[in-house]
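Chemist:
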Amino acid sequence: MRNLLFCVLSVLLVSACGDDAPEPSPCPGPGCACTATESCACAEGATCVTECATGSCDFRCDATSTCEYACEESCGVDCLSDSSCFVTTSESSNVDCDAATCEVRVGSSSNVTCRNGAACDVTCVDTCNLDCRGASCVLRCGDAAPIDVVDGEDQCS
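Note that the sequence shown covers residues 617 to 773 in this note's numbering.
Written out as structure tokens, the structure is:
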């Protein structure tokens, strides 16, 4: 009995002394909402539809997930290995597509990075920067004809 009590207390003590940094909220399924300054993640292999209607949010689409994400402003989006991301943001956002397939529509003063074999189709509503390294990238500036970007940087101004 004493050993059982010791084990239970040890487990409680270890769990109470864990890392204080909050983990991103899981967002599987349609309609998962992020609120201002919140971080959300779509679990590996899941399908997520997520919207951040106010403020800035961070969103991570884990490996082999399919993610549809919309955000108003100053958002950070990470699309990871073998995921498929459909991203729409307003201004001042950062989208990182790393070994994933990404269809991205961004507002003014946004940055998109595609690397490590990613396939990116980027549409800039206004000014934006695209950094394409070891990836296949297409950039559209508004309604203009698409531009193939191969291992380099381009921008809409």
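Using N, Cα and C, we set each Cβ at its ideal position, and we do this for glycine too.
(1) Below 7 Å, is the gap between the Cβ of V720 and the nearest heavy atom of the ligand FMN?
(2) Label V703 either buried or exposed according to how many other C-beta atoms from any shown protein chain fall within 10 Å of its C-beta, with 16 as the threshold for buried.
(3) Exposed or buried, what is D712 when buried is set at 16 or more other beta-carbons lying within 10 Å of its beta-carbon?
(4) When you compare only the Cα positions, how much space is there between G647 and L755?
(5) Got a sec, what are the start and stop residues for the beta strand (DSSP E) D714 sits in?
(6) Quick one: give me the first and last residue of the beta strand (DSSP E) that N727 is part of.
(7) Using the C-alpha atoms, what's the distance from E654 back to C673?
(8) By Cβ distance, which residues of its chain are closer than 7 Å to E566, with the 5 residues on each side in sequence left out?
(9) Figure out for me which residue from N745, V720, S709 has the closest Cα to the Cα of C683.
(10) Using the C-alpha atoms, what's the distance from C656 back to D636?
Modeler: This is what the structure gives:
(1) Absence of the ligand FMN is noted for the structure shown, with no ligands found whatsoever.
(2) buried
(3) buried
(4) Model confidence at G647 stands at a pLDDT of 49, short of 50, so the residue's coordinates are unreliable and nothing is read from them.
(5) 710 to 714
(6) 726 to 731
(7) 5 Å
(8) Examination of residue 566 is not possible in this model, given that the chain is present from 617 through 773 alone.
(9) V720
(10) Note on D636: pLDDT 46, under 50, position unreliable in the model; the coordinate value appears next. Going by the C-alpha atoms only, they are around 17 Å apart.
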